[in-house]
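The working numbering puts the first residue of the sequence shown at 46, with every later residue one more than the last.
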Amino acid sequence: MPNALVAGNWKMHGTAASAAQLASQLARQWADADAAEVIVFPPAVHIATVASVLVESSVAIGAQNLSQFESGAFTGEISAAMLVDLGCKYVLVGHSERRTVFGESSHCVAEKFVAAQAAGLIPILCVGETLQQRQQGQTMTVVADQIAAVVEQAGLDRVCDGVIAYEPVWAIGTGETASPQQAQQVHQGIRAQLGDAGIDTSLLYGGSVNGDNARQLFGQPDINGGLVGGASLEADSFLNIAQQLIEQQ
Ligand code: 13P
46 MPNALVAGNW KMHGTAASAA QLASQLARQW ADADAAEVIV FPPAVHIATV ASVLVESSVA
106 IGAQNLSQFE SGAFTGEISA AMLVDLGCKY VLVGHSERRT VFGESSHCVA EKFVAAQAAG
166 LIPILCVGET LQQRQQGQTM TVVADQIAAV VEQAGLDRVC DGVIAYEPVW AIGTGETASP
226 QQAQQVHQGI RAQLGDAGID TSLLYGGSVN GDNARQLFGQ PDINGGLVGG ASLEADSFLN
286 IAQQLIEQQ
């Protein structure tokens, strides 16, 4: 059985004080780690603060990005080992904002995936098509190519050890969600691409997940959880989504 996961991507929001406050609300209110893993992804500068608040809680912590390089003269970058040192268990790799705004290629994303696993982090590989690609009927090809690029460098088994998040670009931060059927269709395609090795791989859906649509999305057979942006910035709405995931397991 794939693990049930609910991941909150805080993106570039919040101060140290607001991050600590949100983390402490989550730590107080979430104790059901056996039923689903709740993970937060604060901005990098707040990871240490949030990690200290979440110590001994049931909430895990991850980073939104990492360097593909191990160490050295890479100004402004943060290595996988540094993230482990801060207490991170997970890291997002290839989020669409990294791909589109910061120009990360699928090759670079694959290098980051490999670097994350080499340091002991669990990478959450983000994939998804743009609106134009969907309208042109390219959704499955785009997603399959993004995954294949990582399989080429990391190997299929290692990709299956990670987590894959399907986030259609047109659904991110727009309030527009893929229908449960649209999401399931892509998740089913990803599951088929991974084959037997991917039976236990957690596949998350992301893109305007909220308290109103989570239940139906999580009710789909190949959706094992969610990657949540806006609705993860408030403890009650985020944990409401996590609760709906548990009820659908
Ligand atoms: P929203 O939930 O705000 O659409 O963001 C989704 C996302 O990009 C999570 O990584």
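Where is the CB? At the ideal position from N, CA and C, for every residue including glycine. Quantities reported herein were computed from a predicted structural model and do not represent experimental measurements.
With a beta-carbon spacing of about 12 Å, V196 and V172 fall beyond the 8 Å limit used to define contacts. In this structure, the ligand 13P has no non-hydrogen atom nearer than 7 Å to the beta-carbon of N285.
In this structure, L249 lies away from A276, with their beta-carbon atoms at least 8 Å apart. Selection V273, S150 and Q293 evaluated against A193 yields S150 as nearest (Cα-Cα).
Looking at the DSSP output, G251 shares a beta bridge with L272. Contact between I286 and V254 holds: CB atoms are separated by about 6 Å, below the 8 Å threshold. The nearest non-hydrogen atom of the ligand 13P is less than 7 Å from the C-beta of V254.
In this structure, T186 is the residue among G251, P266 and T186 with its C-alpha nearest to the C-alpha of Q238. Under the 10 Å beta carbon count, N48 is surrounded by fewer than 16 other beta carbons and is classified as exposed. Looking from the CA of A89, the closest CA among E174, C133 and A80 belongs to C133. With a cut-off of 8 Å on Cβ pairs, the region 66-81 is not in contact with the region 110-125, counting fewer than three such pairs. The beta carbon of Q74 lies closer than 7 Å to those of A280 and L284 in the same chain, with the five residues before and after it left out.
Look at H232: its beta carbon is at least 7 Å from all of the heavy atoms in the ligand 13P.
Its Cα nearest to that of E101, the residue L71 stands out among H91, L71, F86 and A126.
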